[in-house]
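Colleague: Chains as they are written, first to last, in our numbering: chain A, 1 to 321; chain B, 1 to 273.
The beta carbon of each residue, even a glycine, is placed where N, CA and C say it ideally should be.
#1: Quick check: residue 102 of chain A and residue 282 of chain A, are their CB atoms within less than 7 Å of each other?
#2: Rounded C-beta distance between residue 329 of chain A and residue 195 of chain A? I'm assuming under 8 Å.
#3: The region 117 to 130 of chain B: which residues have C-beta closer than 9 Å to a C-beta of chain A, in chain order?
#4: Going straight from the alpha carbon of residue 122 of chain B to that of residue 184 of chain B, what length do you get?
#5: Is residue 145 of chain B helix, strand or coil by DSSP?
#6: When DSSP labels each residue in this structure, what does residue 230 of chain B get in the three-state scheme?
#7: Between A:67, A:136, A:86, A:153, which has its C-alpha nearest residue 119 of chain A's C-alpha?
#8: What residue range is occupied by the uninterrupted beta strand (DSSP E) comprising residue 7 of chain B?
#9: Using the beta-carbon of each residue, which ones in chain B are nearer than 9 Å to residue 82 of chain A?
#10: Expressed to the nearest angstrom, what Euclidean distance is found between the alpha-carbon atoms of residue 253 of chain A and residue 39 of chain B?
#11: Please classify residue 284 of chain A as buried or exposed, where buried requires at least 16 other C-beta atoms within 10 Å of its C-beta.
#12: Express the C-alpha separation of residue 238 of chain B and residue 107 of chain B in angstroms, rounding to a whole number.
#13: Residues of the region 244 to 256 of chain B in Cβ contact with chain A at a cutoff of 9 Å, in chain order, please.
#14: According to DSSP, is residue 153 of chain B part of a helix, a strand, or is it coil?
#15: Whose Cβ in chain A lies nearer than 9 Å to the Cβ of residue 156 of chain B?
#16: Would you kindly check if the distance between the Cβ of residue 54 of chain A and the Cβ of residue 86 of chain A is under 7 Å?
#17: In chain order, what are the residue ranges of uninterrupted beta strand (DSSP E) at least 3 long that sit wholly in the region 142 to 225 of chain A?
#18: Below 8 Å on the Cβ atoms is my guess for residue 58 of chain A versus residue 20 of chain B; work out the distance and round it to an integer in Å.
#19: Under 8 Å Cβ-Cβ, which residues of chain B neighbour residue 45 of chain A?
#20: Determine the closest residue to residue 5 of chain A out of A:63, A:17, A:51, A:67, with distance taken between C-alpha atoms.
#21: Taking one C-beta from the region 252 to 269 of chain A and one from the region 221 to 231 of chain A each time, how about it: are there three or more such pairs within less than 8 Å?
#22: Among B:260, B:130, B:240, B:157, whose alpha-carbon lies nearest the alpha-carbon of residue 7 of chain B?
#23: When you compare each of B:200, B:224, B:142 to residue 234 of chain B by their alpha carbons, which one comes out closest?
#24: Determine, for residue 53 of chain B, whether the minimum Cβ-Cβ distance to residues of chain A falls below 7 Å.
#25: Does the count of Cβ pairs from the region 168 to 178 of chain A and the region 202 to 222 of chain A closer than 8 Å reach three?
#26: Pick from B:5, B:116, B:3, B:14: whose alpha carbon is nearest that of residue 268 of chain B?
#27: Taking residue 273 of chain A as part of the beta strand (DSSP E), name the residues at either end of that continuous run.
#28: Identify the residues that DSSP records as bridge partners of residue 95 of chain A: which are they?
#29: From the DSSP output, in three-state form, read off residue 251 of chain A for me.
#30: At which residues does the alpha helix (DSSP H) containing residue 35 of chain A begin and terminate?
#31: For residue 351 of chain B, which residues of its own chain have a beta-carbon under 6 Å away from its beta-carbon, when the five flanking residues on both sides are left out?
#32: Using DSSP bridges, identify the partner residues of residue 238 of chain A.
#33: When you compare the region 256 to 273 of chain B with the region 204 to 223 of chain B, are there three or more beta-carbon pairs, one atom per stretch, that lie closer than 8 Å?
#34: Counting only Cβ-Cβ distances shorter than 7 Å, please list the residues of the region 181 to 207 of chain B near chain A, keeping chain order.
#35: Can you find the residues in the same chain that come closer than 6 Å, C-beta to C-beta, to residue 248 of chain A, ignoring five residues on each side of it along the sequence?
#36: The alpha helix (DSSP H) that contains residue 87 of chain A, what's its start and end?
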């Protein structure tokens with residue numbers, strides 16, 4: 001995704017002279033073409049995130065279009081107050097881009113994981129929160145935020161993500177994409193984990209369980225309509241995120257489901273990291289497996305929910321309590 | 001303006017600030033009082049701004065990084081015509097655009113501040129934009145001394161020094177007191193001038209309540225080619241009201257019934273009316 005992002009940045013910089021890319025001393029090789037073509041619009045702020053965010057706000061207030069880029073954990077957390085005060089409270093259109101969301105940096109340990117950022121960002125007013133699923137989507141996201149008039153936070157994975165979209169599609173901030181149709185169950189997911197979600201959905205389809213897959217690339221503002229429709233049209237809803245189950249996409253979906261009248265008792269479960277630090281090392285995919293984001297876990301969760309729903313309906317039918 | 005006129009202007013700012021804080025039932029008076037002459041000097045003798053056109057593209061940018069010093073800023077802005085003077089007494093009350101920390105809803109105010117350690121980075125961003133656009137305006141930021149304890153302030157200082165942002169000027173309102181006591185007892189900043197210089201800034205000291213001293217300090221900025229400038233202005237917290245001066249208890253306190261008339265009497269003496 002980071003290469004797709006660099007490609008996008010080069011096009012955007014060509015398109016609009018106001019684009020400035022500010023990095024927190026990362027991106028060797030990644031931004032080589034940007035640095036070559038736009039040397040006066042590339043800024044390395046060094047290992048100093050608070051100043052990096054503040055100066056980006058100052059640039060935006062002076063009419064520039066700043067994209068700020070560093071490792072996701074540092075982007076979100078190191079200078080969160082600066083993100084909130086300088087960018088969101090002042091409501092300036094700075095694009096904050098974090099690379100390596102979730103468990104992308106699988107060999108580097110917990111300091112480089114981000115499993116809390118969506119929970120944090122959701123609670124900040126004025127902020128648009130986007131989590132692309134593959135490199136094509138990452139590029140479209142970058143393009144769509146160029147003239148977005150609000151602060152934006154984009155959580156990218158890292159590198160080597162497979163293309164999940166079969167071809168081009170129309171991308172719109174805030175409008176989720178249905179990647180698989182289905183009437184038995186629905187999965188609402190975001191980010192690179194969609195790879196496992198799609199694999200799970202395809203395997204479930206083979207065993208006769210038709211599973212809708214909704215790519216909720218924009219977590220804020222949330223596409224509540226598509227969630228409610230899924231709850232009405234299927235018998236189980238599951239959220240999947242490479243993030244704590246506390247406060248992120250799953251919580252956002254749960255909030256919508258619980259506060260919407262007419263849905264009855266929604267059969268729902270969150271899949272995500274269960275409030276723990278992921279101490280193990282390995283590839284991102286291996287960590288997904290270990291920490292509850294594996295394909296089989298997703299499949300089993302849906303099967304369990306559907307069995308639960310059937311059992312409940314059985315009880316109602318036979319009048320048992 | 002002559003130094004005498006400036007001095008009277010400053011004391012009228014103090015009087016206004018006191019009236020505003022009393023009406024609102026609170027305000028950072030003593031911190032504002034140490035900034036009065038600095039802000040008066042900047043707006044009356046230094047900054048190129050247009051009250052009728054606060055967004056004039058070639059204006060100098062002023063950032064009150066010491067956001068809680070805003071009681072020294074609002075009366076100056078009003079007096080110069082950025083907004084009607086009758087708005088001052090709405091300070092910190094429902095519906096007002098004038099709050100306890102200055103923000104962009106006030107005509108003439110560039111950025112929202114209030115949390116220390118943000119303003120200088122915002123100023124750095126503006127100075128960078130100036131350089132990219134090859135314009136000629138200045139970016140000036142007033143910092144508090146306590147704020148120079150924040151790591152983020154030093155991130156900005158590092159960056160500006162490294163990049164030689166010579167259209168950037170910082171002024172530290174060095175009143176030597178923070179919230180709970182003297183700076184030198186809590187977390188000293190000394191050797192203060194040397195610290196800035198070691199980060200690549202050109203530094204000069206001034207008497208922050210003396211217009212002649214401020215004028216000299218600001219003459220011919222930048223202090224050194226290719227370096228940002230810092231004026232360390234020695235000031236007195238609570239300056240202008242004898243019982244408020246250098247007393248930590250006055251960080252966020254308004255005079256009571258007995259103290260108020262004394263405060264006004266001392267200030268009025270220097271207002272020249």
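Modeller: Let me lay it out:
#1: Position 102 of the first chain, counted from the first residue, corresponds to residue 102 of chain A. Position 282 of the first chain, counted from the first residue, corresponds to residue 282 of chain A. Taking 7 Å as the cut-off, the Cβ atoms of residue 102 of chain A and residue 282 of chain A do not count as close.
#2: Missing from the structure shown is residue 329 of chain A; chain A here goes from 1 to 321 and no further.
#3: Listed in sequence order: 117, 118, 119, 120, 121, 122, 123, 124, 125, 126, 127, 128, 129, 130.
#4: What you label residue 122 of chain B is simply residue 122 of the second chain in a count that begins at 1. What you label residue 184 of chain B is simply residue 184 of the second chain in a count that begins at 1. Between residue 122 of chain B and residue 184 of chain B, the C-alpha separation is close to 27 Å.
#5: Within the second chain, residue 145 of chain B is the residue found at index 145, counting from 1. DSSP, reduced to helix, strand and coil, places residue 145 of chain B outside both helices and strands of the structure shown, so it counts as coil.
#6: On the second chain, position 230 is the one that residue 230 of chain B refers to. In the three-state DSSP reduction, residue 230 of chain B falls in the strand class (E or B).
#7: Residue mapping note: residue 119 of chain A aligns to position 119 of the first chain, counting from 1. Answer by Cα proximity: A:153.
#8: Reading the second chain from its first residue, position 7 is the one you call residue 7 of chain B. Segment 3 to 24 is the alpha helix (DSSP H) holding residue 7 of chain B; no beta strand (DSSP E) there.
#9: Taking the first residue of the first chain as 1, we reach residue 82 of chain A at position 82. Simply 115, 117, 118, 121, 152.
#10: By 1-based counting over the first chain, the position of residue 253 of chain A is 253. By 1-based counting over the second chain, the position of residue 39 of chain B is 39. Computed Cα separation, rounded: 50 Å.
#11: For the purposes of this step, residue 284 of chain A is taken as residue 284 along the first chain, with counting starting at 1. Residue 284 of chain A counts as buried, since at least 16 other C-beta atoms from the protein chains shown sit within 10 angstroms of its C-beta.
#12: Within the second chain, residue 107 of chain B is the residue found at index 107, counting from 1. Within the second chain, residue 238 of chain B is the residue found at index 238, counting from 1. Each residue's Cα considered, the two are about 26 Å apart.
#13: Answer set for the region 244 to 256 of chain B: empty.
#14: Residue 153 of chain B sits at position 153 when you count from the first residue of the second chain. Three-state result, residue 153 of chain B: helix.
#15: Position 156 of the second chain, counted from the first residue, corresponds to residue 156 of chain B. The contacting residues are 48, 50, 51, 54, 55.
#16: Within the first chain, residue 86 of chain A is the residue found at index 86, counting from 1. Within the first chain, residue 54 of chain A is the residue found at index 54, counting from 1. In this structure, residue 54 of chain A lies closer than 7 Å to residue 86 of chain A by Cβ.
#17: Taking only runs of at least 3 residues, the beta strand (DSSP E) segments lying wholly in the region 142 to 225 of chain A are 152 to 155, 177 to 180, 185 to 189, 211 to 215, 218 to 220.
#18: Stepping through the first chain from its first residue, residue 58 of chain A is reached at position 58. Stepping through the second chain from its first residue, residue 20 of chain B is reached at position 20. Contact between residue 58 of chain A and residue 20 of chain B does not hold, since the beta-carbon distance rounds to 29 Å and is not under 8 Å.
#19: As a first step, residue 45 of chain A must be located in the first chain, where it is residue number 45. Under the 8 Å cutoff, chain B gives 159.
#20: Within the first chain, numbered from 1, the residue matching residue 5 of chain A stands at position 5. When only C-alpha atoms are compared, the closest one is A:67.
#21: Contact holds: three or more Cβ-Cβ distances are below 8 Å.
#22: Stepping through the second chain from its first residue, residue 7 of chain B is reached at position 7. If we check each option's Cα against that of residue 7 of chain B, B:240 comes out closest.
#23: The count along the second chain starts at 1 and reaches residue 234 of chain B at position 234. Nearest in C-alpha terms to residue 234 of chain B, of all of B:200, B:224, B:142, is B:142.
#24: One-based indexing of the second chain puts residue 53 of chain B at position 53. For residue 53 of chain B, no Cβ of chain A is located within less than 7 Å of the residue's own Cβ.
#25: In short, these stretches touch, since the Cβ pair count reaches three.
#26: Numbered from 1 along the second chain, position 268 holds the residue referred to as residue 268 of chain B. Nearest neighbour of residue 268 of chain B by Cα position, chosen from B:5, B:116, B:3, B:14, turns out to be B:14.
#27: On the first chain, position 273 is the one that residue 273 of chain A refers to. Residues 268 to 273.
#28: Taking the first residue of the first chain as position 1, residue 95 of chain A is located at position 95. DSSP output for residue 95 of chain A lists A:67, A:152 as bridge partner(s).
#29: Here residue 251 of chain A corresponds to residue number 251 of the first chain, with the count starting at 1. Looking at residue 251 of chain A - three-state DSSP - the assignment turns out to be helix.
#30: The sequence position of residue 35 of chain A within the first chain is 35, counting from 1. DSSP places residue 35 of chain A inside the alpha helix (DSSP H), whose first and last residues are 32 to 37.
#31: There is no way to answer for residue 351 of chain B, as the model of chain B reaches only from 1 to 273.
#32: Taking the first residue of the first chain as 1, we reach residue 238 of chain A at position 238. Per DSSP, A:187, A:269.
#33: Pairwise C-beta distances place the region 256 to 273 of chain B out of contact with the region 204 to 223 of chain B, as fewer than three of them are shorter than 8 Å.
#34: For the region 181 to 207 of chain B, there are no residues whose beta carbon sits under 7 Å from a beta carbon of chain A.
#35: In the first chain, the residue the question calls residue 248 of chain A occupies position 248. The answer, listed in chain order, is 118, 119, 241.
#36: Position 87 of the first chain, counted from the start, is the residue given in the question as residue 87 of chain A. The continuous stretches of alpha helix (DSSP H) do not include residue 87 of chain A, and DSSP gives it neither H nor E.
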